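Reading the sequence shown from the start, the letters are residues 0 to 258 in numbering that gives the first Met the number 0. Quick reminder that beta carbons are idealized off the backbone N, C-alpha and C, glycines included. Because the structure is a prediction, the values reported are computed rather than measured.
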Amino acid sequence: MLTISQVASYAGVTVAAVRHYHRVGLLPEPPRDASGYRRYDAAAVVRLIRIHVLASAGVPLAQVESMLDADQASFTTAIKAIDRQLDGEIQRLQATRTRLAKLAAGDHLALPQCVVDYLARLRSLGLSEDFVAQERDAWIVVSAQVPEQINAIIAQKHRDLDDPEMVQLYRLLSTAADWSSDDPRLTEVADLLEEILNRVMAAGGVVEPDLDDRLVALLDATMVAAAPAAAQLLTLLEQRGWTGWTRMERRSEPSPSTS
């Protein structure tokens with residue numbers, strides 16, 4: 000007869016594992032001898048080894064007991080079912096690793112691939128990383144609100160970047176974070192943007208995100224907070240007959256100049 004430490008050693012497991020198998024009902028607990036110690040026979044060693052082999056192979060403990068007493072056909076069926084479960088888990092883990100690898104690249108966090116590609120194109124134009132980061136944060140919000148529209152919206156943004164004047168506008172805006180409110184380049188930006196907007200409107204407009212008014216106001220406020228000159232730029236645009244930034248709309252009449 001064997002002690003618990005001996006049976007554990009023969010089976011290649013720890014004493015704690017033997018006690019755990021007792022608690023979950025996989026290994027019957029033998030009676031104690033006159034000294035109060037459990038005594039195990041050879042059958043216990045065989046069962047414990049089989050439990051250990053199955054558990055080490057990835058069989059859930061909840062299924063081990065039924066497999067210990069199964070006939071060969073039932074055992075084979077159970078093994079195949081477990082293999083399918085493990086294959087599904089492997090695929091899930093591989094997908095998780097793929098997502099984690101994308102997150103490590105930075106822009107993939109909370110963004111669809113089309114937006115990531117668009118941000119990469121902005122970088123290829125030599126735009127500042129701060130400007131791209133502001134774009135990224137705005138697109139995270141927009142993508143979450145209108146996921147079904149984002150592919151069409153980004154496709155339009157790519158078409159916009161095919162226009163040399165739009166690229167020129169972006170390059171100006173990329174450097175605008177540190178401009179003062181009286182920087183003469185603001186007028187250049189407003190003039191260029193007005194020209195682009197008039198041309199776009201004449202061509203029938205563009206794809207606009209269907210965003211809640213409060214969200215539009217929040218995005219506009221974020222833009223104004225990010226650059227000291229942003230409020231002045233909006234004022235200049237209003238003087239030219241345009242209102243808003245996230246959702247630019249033409250006023251019926253231009254605002255009177257305050258200059």
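Would you identify the three-state DSSP class for residue i, choosing helix, strand or coil?
| i | result |
| --- | --- |
| W138 | helix |
| R249 | strand |
| R38 | coil |
| L1 | strand |
| S8 | helix |
| V14 | helix |
Would you decide whether residue i is buried or exposed? Buried here means 16 or more other CB atoms lie within 10 Å of its CB.
| i | result |
| --- | --- |
| Y36 | exposed |
| E134 | buried |
| P208 | buried |
| L185 | buried |
| A226 | buried |
| A189 | buried |
| A7 | buried |
| A56 | exposed |
| A80 | exposed |
| V63 | buried |
| L126 | buried |
| I89 | exposed |
| L124 | exposed |
| V12 | buried |
| L85 | exposed |
| V114 | buried |
| A43 | buried |
| A202 | exposed |
| A10 | buried |
Taking just the CA atoms, how far does residue j sit from residue i?
| i | j | result |
| --- | --- | --- |
| H21 | S65 | 16 Å |
| T257 | E237 | Per-residue confidence for T257 stands at a pLDDT of 49, beneath the threshold of 50, marking its modelled position as unreliable; the derived number appears in the next sentence. Each residue's alpha carbon lies about 11 Å from the other. |
| A94 | G87 | 11 Å |
| Q5 | T97 | 45 Å |
| R38 | I3 | 7 Å |
| L172 | D212 | 24 Å |
| L26 | A16 | 10 Å |
| A228 | D129 | 16 Å |
| I48 | D32 | 23 Å |
| A69 | A77 | 9 Å |
| R91 | P163 | 44 Å |
| E187 | E193 | 10 Å |
| L210 | N150 | 15 Å |
| Y200 | A109 | The amino acid occupying residue 200 in the given sequence is Met; Tyr does not appear at that position. Their backbone Cα atoms lie some 32 Å apart in a straight line. |
| A61 | L1 | 27 Å |
| V140 | R83 | 39 Å |
| V215 | W241 | 15 Å |
| S34 | S73 | 42 Å |
| V58 | P111 | 37 Å |
| L196 | D161 | 15 Å |
| I153 | D136 | 15 Å |
| V131 | G24 | 59 Å |
| P30 | D40 | 11 Å |
| P183 | D116 | 33 Å |
| I50 | L118 | 54 Å |
With three or more C-beta pairs closer than 8 Å as the rule, is the segment 149-157 touching the segment 222-239? These segments do not touch.
- Task: Write down every uninterrupted run of the alpha helix (DSSP H) in the segment 174-243 whose length is 4 residues or greater and which is fully enclosed by it, in chain order.
- Result: For secondary structure counted as the alpha helix (DSSP H) over 4 or more consecutive residues, the segment 174-243 holds these complete runs in sequence order: 184-201, 212-225, 229-238.
Fill in: Validate contact between the segment 141-155 and the segment 231-238 using beta carbons, cut 8 Å, 3 pairs
With the cut-off at 8 Å, the segment 141-155 and the segment 231-238 do not touch.
Discussion item. If contact is defined by three or more beta carbon pairs under 8 Å, each pair taking one atom from either stretch, is the segment 172-183 in contact with the segment 241-251?
Written reply: Too few Cβ pairs lie closer than 8 Å, so no.
*Minimum length 4: unbroken alpha helix (DSSP H) runs contained in the segment 40-82*: 41-55, 60-67, all fully within the segment 40-82.
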